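Enquirer: Sequential numbering from 1 applies to the sequence shown in UniProt numbering.
Think of the CB as a built atom: it goes at the ideal place given N, C-alpha and C, for glycine as much as any other residue.
Keep in mind that this is a model prediction, so the values were computed, not measured.
Next up is a structure, given as structure tokens.
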Amino acid sequence: MIRDKKINLSQFEIFLIVADSLSFTLAANALGVSRASISQSIKALEKELEVPLFLRTTRSISLTSEGESLFEQCSRLRYELDNTRDLVRSFHNKPKGKLKISCNPFLAEKVLLPILMQYKEQFPDVELIIVVEERIPDFDKEQTDIAFGVNWKAPDDLIARKIGETRYVLCASPCYLKKYGAPKNLEDLKKHNFIPHISRHTSLVGLKDANAYINISSDISSNNVSFIKKCVLDGLGIAQFHEYAAIEEIKRGDLIEVLPTVFNEKESLFVYYQKNRFVQPKIKELVKIILEKVQI
């Protein structure tokens with residue numbers, strides 16, 4: 001049974017550093033202490049918790065399942081402690097600390113970058129971490145502060161602020177349509193080369209008929225919208241995009257919209273952040289700029 005005594009926070013901090021580097025030597029160098037001291041601290045923590053945290057060999061160490069669970073929880077606590085420290089410091093100072101933002105490649109380049117330039121000029125002490133990806137992040141597990149998305153079903157602990165509107169468009173290149181013709185309805189789409197985003201598998205989203213479902217076979221798919229768009233421009237098939245990601249090509253005539261009447265006219269674009277973190281000035285100020293500047 002684990003003994004009822006005060007928590008030795010320094011042991012957990014040492015554990016985090018060892019788990020990060022998976023090296024007693026690197027952890028010792030980082031803390032300026034001996035390797036033996038690090039090893040003793042880890043052994044003491046394992047004894048206190050009554051579970052092994054690391055698997056040790058003569059050449060390497062790795063986390064046990066218990067160690068992985070502790071590392072995940074301690075990382076989250078460390079993140080919250082860092083945020084609490086930054087919050088207290090910010091009461092009489094400008095925002096500082098790390099700010100992690102998640103968004104897709106198009107929004108990162110066309111929307112986020114100009115905003116960040118203004119933000120950094122105003123708040124140079126904030127360290128920005130930009131994760132460019134095309135998926136919904138786990139805010140807690142990935143320690144995300146702000147994210148962008150279209151009509152996400154946000155959990156109760158997230159705030160969603162609308163920053164614009166878009167719609168889904170189905171597009172093909174002129175050369176593809178000249179060779180294969182345009183689909184006349186959703187069922188007809190099954191006869192064409194559909195290039196889906198991996199996250200959507202082989203189905204369409206944003207259909208006006210909420211009960212409609214179409215499963216389309218495909219021999220090309222990708223997790224990158226830019227790559228999919230290049231495939232469509234090269235005449236390899238038809239693909240679905242957010243309008244903002246294809247609007248320039250549509251205006252130039254490089255892409256042609258097909259079946260426009262089957263999709264909803266508008267989809268909302270949101271910025272998301274956690275309720276319990278909005279009070280932090282570094283988040284509050286960026287959200288303020290986003291709401292003022294973003295127009296989609």
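Three or more C-beta pairs under 8 Å: does that hold for the segment 237-252 against the segment 124-135?
Expert: With the cut-off at 8 Å, the segment 237-252 and the segment 124-135 do not touch.
Enquirer: Do you know how far the Cα of THR58 is from the Cα of SER199?
Expert: SER199 and THR58: Cα-Cα distance of roughly 42 Å.
Enquirer: On a CA-only basis, which of SER221, LYS284, ALA147 is nearest LEU269? Give me that one, please.
Expert: The option with the nearest alpha carbon to LEU269 is ALA147.
Enquirer: Checking 9 Å against the spacing of the C-beta atoms, do ILE289 and ASP145 come in under that value?
Expert: In this structure, ASP145 does not lie closer than 9 Å to ILE289 by Cβ.
Enquirer: Which class does ALA239 belong to by DSSP, given the choice of helix, strand or coil?
Expert: Strand at ALA239.
Enquirer: Can we say the segment 156-170 touches the segment 255-270, given the rule of at least three CB pairs closer than 8 Å?
Expert: As far as the Cβ criterion goes, the segment 156-170 touches the segment 255-270, which means the pair count is three or higher.
Enquirer: Just grab the DSSP bridge partners of TYR273 for me.
Expert: In DSSP, TYR273 forms a bridge with ILE146, ILE159.
Enquirer: DSSP on PHE139, reduced to helix/strand/coil?
Expert: Coil.
Enquirer: Would PHE139 and GLN280 be called neighbours here (beta carbons separated by less than 9 Å)?
Expert: No, the pair does not count as a contact, with Cβ atoms beyond the cut-off.
Enquirer: I'd like the span of the beta strand (DSSP E) that includes PHE54, first residue to last.
Expert: Here the beta strand (DSSP E) through PHE54 covers 54-56.
Enquirer: Do LEU16 and ARG78 count as a contact pair if the criterion is CB distance below 9 Å?
Expert: Cβ distance < 9 Å, so ARG78 and LEU16 count as in contact.
Enquirer: May I ask you to list the residues that DSSP assigns as paired with THR166?
Expert: GLU267.
Enquirer: ILE14: buried (16+ other C-beta within 10 angstroms of its C-beta) or exposed?
Expert: Buried: at least 16 other Cβ atoms inside 10 Å.
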